[in-house]
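*Asks:* Residues 152 to 422 (the numbering used here) make up the sequence shown, in order.
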Amino acid sequence: MATETGTESDTGSAGGAATALVIENDPTDDARRLGEWLAEAGLDLAVLRPYAGDALPDDLTGYAALVVLGGYQHPYPAPDGTPGAPWFAALEGLLRKAVRHRVPTLAICLGAQLLATAHAGTVERSAAGPEIGPSVVGKRDAADTDPLFRYVPMIPDVLQWHVDEITELPQGATLLAASTRYPHQAFRLGDRAWGLQFHIECDAAMIADWATDSATLTDLDYDPELVVAACAEVLADVEEVWQPFAARFAALAQGRLDDIPPRPTLPLLGH
C-alpha cells in the first residue's frame, strides 16, 4: 500500500507516527491541500484508490483516522439498483465501523453523503439545483461545543461542487453548519466523525480540472474561466479557516486533543 509519505505501511510509519487511511473515490479529487495540512500536522497518509483496483480493508485496525474524499458518483443506487460505485457497500461498512469504534473520521462531499447513507440518512438529487463555486456556510449553535468546529468562524468560506444533497441526516446526528438552499452543510456523528458537504481540499488546478468540459457548468450557463477565477480568489480565506481545522483533526487522531465533549447517545449501525 503506497502512502503519501513514500513508505509502505498499513499500520503506521516506521517512526510510529499515526496513520490516516485516505479513501480516494475519484482520480480528480485527491487529498491535495487537505493532505498537505494533515501531513504538516504529523499524520502519515495511506491512500487507497478503489477505482484503480485497491481493495478496502475489512476494518480500521492500525489506523488512527479515516478520511473519505469526494467524487463524481452518486451515493445512492441507479434506478436499476446499480450502486454508485462497486466499492460503496464496503466503504459504507467501513464508515459504520469507524463511527462505532470511535475512529476519527473526516468525510468530504461525496464522502459526507456516504457517511450519511451508511447510517440511514437520505441523499437525493438536490431540488435546489447544483451548488458550484465559492460560498459561505453558517455555523449552528451546536458547533460552539464541537471539538473541531468551535474555532471555525461563524460564516466560513468554503468551495462547493455538488448536484446531490443530504436531505435527511442520520438519527442522532448533530448539525454543525447550514446554508439557505442546502440546510445540511456539516454534521457530526457520535463524537469523532464529521461530514462536510463542501470542499476544503481543492487548489486552483483541481477546480480548473473539474471545470474543463463540465456538463454541469454548461447546463447552468456558467463561464468555466470565471468559476475557476472566483474559486482561486478565496483559496487563501479557505486555508485560513480550514488548515487549523485539519490540524485539530490530526491532533485528535494522534490523541493530543483533550477537549472532546461527552459521548452522545447514538444508534449505531453495523459492527
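Even for Gly, the Cβ is constructed at its ideal location relative to N, Cα and C.
How far does the alpha helix (DSSP H) with Ala362 in it reach, from first residue to last?
*Replies:* In the sequence shown, the residue the question calls residue 362 occupies position 211. It spans Ala355 to Ala362 - the alpha helix (DSSP H) in which Ala362 sits, taken as one unbroken run.
*Asks:* Quick check: the stretch 193-213 against the stretch 323-343, are at least 3 beta-carbon pairs closer than 8 Å?
*Replies:* No: the two stretches stay apart, fewer than three of their Cβ pairs being nearer than 8 Å.
*Asks:* The beta strand (DSSP E) with Arg339 in it runs from where to where?
*Replies:* On the sequence shown, residue 339 is found 188 positions in, with the first residue counted as 1. Per DSSP, Arg339 belongs to the beta strand (DSSP E) from Ala337 to Leu340.
*Asks:* If we call anything under 8 Å between Cβ atoms a contact, is Pro375 one with Thr367?
*Replies:* On the sequence shown, position 224 is the one that residue 375 refers to. On the sequence shown, position 216 is the one that residue 367 refers to. It is not a contact, given that the beta carbons lie outside the stated cut-off.
*Asks:* Would you mind stating whether Gln322 and Ala169 have Cβ atoms separated by less than 8 Å?
*Replies:* Here the question's residue 322 lines up with position 171 in the sequence shown. Here the question's residue 169 lines up with position 18 in the sequence shown. Not closer than 8 Å, so no.
*Asks:* Taking the alpha carbon of Arg301 as the reference point, which residue from Ala269, Arg399 and Trp188 has its own alpha carbon closest?
*Replies:* In the sequence shown, the residue the question calls residue 301 occupies position 150. Nearest of Ala269, Arg399 and Trp188 to Arg301, Cα basis: Arg399.
*Asks:* Using C-beta distances below 6 Å, list every residue in its chain close to Val309, excluding the 5 sequence neighbours before and after it, in chain order.
*Replies:* Here the question's residue 309 lines up with position 158 in the sequence shown. So the list reads Ser286, Val288 and Phe349, once near-sequence residues are dropped.
*Asks:* So what does Pro285 bridge to, in DSSP terms?
*Replies:* Looking up residue 285 in the sequence shown gives position 134. Leu310, per the DSSP bridge assignment.
*Asks:* Less than 8 Å separating the beta-carbons of Leu245 and Ala216?
*Replies:* Taking the sequence shown and counting its residues from 1, one reaches residue 245 at position 94. Taking the sequence shown and counting its residues from 1, one reaches residue 216 at position 65. Contact flag unset, no.
*Asks:* Output needed for Pro304: all residues of its chain with C-beta closer than 7 Å, excluding positions within five of it in sequence on either side, in chain order.
*Replies:* Looking up residue 304 in the sequence shown gives position 153. Excluding positions up to five away in sequence, the list reads Val392.
*Asks:* Checking contacts by CB at 8 Å: is Asp360 closer than that to chain B?
*Replies:* The chain labelled as chain B is not found in the depicted structure, where only one protein chain is given.
*Asks:* Kindly identify the DSSP beta-bridge partner or partners of Glu275.
*Replies:* In the sequence shown, the residue the question calls residue 275 occupies position 124. Looking at the DSSP assignment, Glu275 forms a beta bridge with Glu316.
*Asks:* Near Pro281, what residues of its chain come up, given a Cβ to Cβ distance below 6 Å and the 5 sequence neighbours on each side ignored?
*Replies:* For the purposes of this step, residue 281 is identified with residue 130 of the sequence shown, where counting begins at 1. Once the five neighbours on either side are set aside, the close Cβ partners of Pro281 are Val314 and Thr367.
*Asks:* Just verifying my parser: in three-state terms, what is the DSSP assignment at Thr369?
*Replies:* Residue mapping note: residue 369 aligns to position 218 of the sequence shown, counting from 1. Thr369: helix per DSSP, three-state reduction.
*Asks:* Can we say the stretch 224-238 touches the stretch 263-281, given the rule of at least three CB pairs closer than 8 Å?
*Replies:* Yes, they touch.
*Asks:* May I ask you to list the residues that DSSP assigns as paired with Gly346?
*Replies:* Counted from its first residue, the sequence shown places residue 346 at position 195. Beta-bridge pairing links Gly346 to Ala258 and Phe338.
*Asks:* Out of Asp181, Pro178, Leu172 and Ala192, state which residue places its alpha-carbon closest to the alpha-carbon of Gln394.
*Replies:* Residue mapping note: residue 394 aligns to position 243 of the sequence shown, counting from 1. Among Asp181, Pro178, Leu172 and Ala192, the Cα nearest to that of Gln394 belongs to Ala192.
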